[in-house]
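Each remark here refers to the structure printed beneath this line.
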Ligand SMILES: [Zn+2]
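Numbering (this note's numbering), first residue to last: 60 to 523.
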């Protein structure tokens, strides 16, 4: 039986802090009503999220069990694909449900389309994810999923003490059909369903189709940014092109990362520019999965009001520790059920966090297997190479590392001046010093790196 102690998380989620942040005009001037209907509904949803994620474990487990049973009953009723998979499995029993692979998901989506939704879910739209593998995945997401994600991200800002009155720039990387290659949408608030309750700064949504981020710089400089919400590779490329100081000049104070792991280079850039970093574990198919703990490095508190995360076999040896494969169940995935979905990431799940947070926590999120070096023993290890390390050897504009053979690491380099034979050897020695004596390295000077069609630019890729 799980213990029912409440979280010892500080009063960030306390009512007093919440009411202090509320707009003064949120309170009704009528003497008998404090908050009107329009404000009560979103704020009660916010309180539900807070109670679920920071409240007692027993209550949460009961709620999750009910959600799981309802989702599985819905999937079984409306999908032949799921009826077959759940044959003989009791509604709510994850342990006997087979993991859902990407290919199987694609089969369900293309064969059955969107499952019927009741009114509370609103309409559904097909969303294609970019995917770091180059193969896009498509799922149907409902209006309710979008509204939940907006609420959940505001809840996190309140818990983390992020200033809501900052302007926000949200960056989306999608194909754009105009000659300049990007669009900017402007709004007066990023409060979403909570805009009548909390005052926020302005909202800009930059949709960019890839390529060179520096071209949008002038437009972004029109007003201070404050909070930026983007995938790490966008911000890293932006900072590499414009310089870390530029981020500061643009008024960036807070960075909420999503979609990928933040690499060492970007951590350096943010530290240099004095930007507070809040890391998020999320996927476009699911939305919020976990949020980085402010006090325990590398830990992510799981968004238990949205997902169940399990760490299962096969276990992989990473730096001498066994790390499992992550399966994510999206509790609100009524349009396209995602039950024990294998996102392709590896990590460990603990019942609570070292900081005192009483909910499930991912402790060793390693991201994709392909982002780790594979040793001849089968063990995996992170290969950490910062741009500044390479800059000591030559004026490097872009680089990528690829493990192309069991013992070979290829360093692709784009430099501002031709690379001497001596410099090439220095690079090779440096890579071996980082990767280990089991490896040899080959430095290749290129005119450009072929990053492929997706927006994600992974500095390291294991191809064996
Ligand atoms: Zn924690």
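Note that the Cβ used here is the ideal one computed from N, Cα and C, for glycine as well. None of the values given here were measured: they were computed from a predicted structure.
For ligand 1, a non-hydrogen atom lies closer than 6 Å to the CB of residue 358. Excluding its 5 nearest sequence neighbours in each direction, residue 483 has C-beta neighbours in its own chain below 7 Å: 502, listed in chain order. Looking at the backbone, the Cα of residue 262 and that of residue 433 are separated by about 42 Å. Relative to ligand 1, the beta carbon of residue 337 is positioned no closer than 6 Å to any heavy atom. The nearest non-hydrogen atom of ligand 1 is 6 Å or more from the C-beta of residue 363.
Cβ neighbours of residue 107 within its own chain (closer than 8 Å, five residues either side excluded): 364. Three or more beta-carbon pairs drawn from the region 212-231 and the region 284-292 are found closer than 8 Å, and the two stretches are therefore classed as touching. Counted as a single uninterrupted DSSP element, the beta strand (DSSP E) harbouring residue 403 occupies residues 400-406.
Assigned with DSSP and collapsed to three states, residue 380 falls in strand. Using a Cβ distance threshold of 7 Å, residue 454 and residue 429 do not count as a contacting pair. The C-beta distance from residue 405 to residue 384 rounds to 6 Å, short enough to meet the 8 Å contact threshold. Measuring C-alpha to C-alpha distances from residue 390 to each of 160, 100, 134 identifies 134 as the nearest.
According to the DSSP assignment, residue 212 belongs to no beta strand (DSSP E) but to the alpha helix (DSSP H) extending over 202-219. Residue burial is scored here from C-beta neighbours: residue 291 has at least 16 other C-beta atoms within 10 angstroms and is therefore classed as buried. Put simply, the backbone Cα of residue 297 is about 33 Å away from that of residue 368. Cβ neighbours of residue 80 within its own chain (closer than 8 Å, five residues either side excluded): 217, 223, 257.
The region 98-114 makes no contact with the region 391-404, as fewer than three CB pairs between them are under 8 Å. Residue 447 and residue 485 have their alpha carbons spaced roughly 15 Å apart. Distance check between residue 185 and each of 83, 394, 254, 275 places 394 closest, using alpha-carbon atoms only.
Counted as a single uninterrupted DSSP element, the alpha helix (DSSP H) harbouring residue 125 occupies residues 116-137. Annotated as distal: residue 449 and residue 439, with beta-carbon spacing of 7 Å or more. Counted as a single uninterrupted DSSP element, the stretch harbouring residue 184 is not any alpha helix (DSSP H) but the beta strand (DSSP E) occupying residues 183-188. Taking every protein chain shown into account, the CB of residue 116 has 16 or more other CB atoms within 10 angstroms, so this residue is buried. Straight through space, the alpha carbons of residue 293 and residue 136 are spaced by roughly 42 Å. Remark: C-beta atoms of residue 490 and residue 470 approach each other more closely than 7 Å.
In the structure shown, residue 496 adopts coil according to DSSP, grouped into three states. Residue burial annotation: residue 119 is buried, with at least 16 other C-beta atoms found within 10 angstroms of its C-beta. Between ligand 1 and residue 355, a heavy atom-to-CB distance of less than 6 Å is present. At least 7 Å separates the beta-carbon of residue 303 from that of residue 330. Between residue 175 and residue 206 the beta-carbon gap is near 19 Å, outside 8 Å, which marks them as no contact. In this structure, ligand 1 has no non-hydrogen atom nearer than 6 Å to the beta-carbon of residue 173. A distance below 7 Å separates the beta carbons of residue 351 and residue 359.
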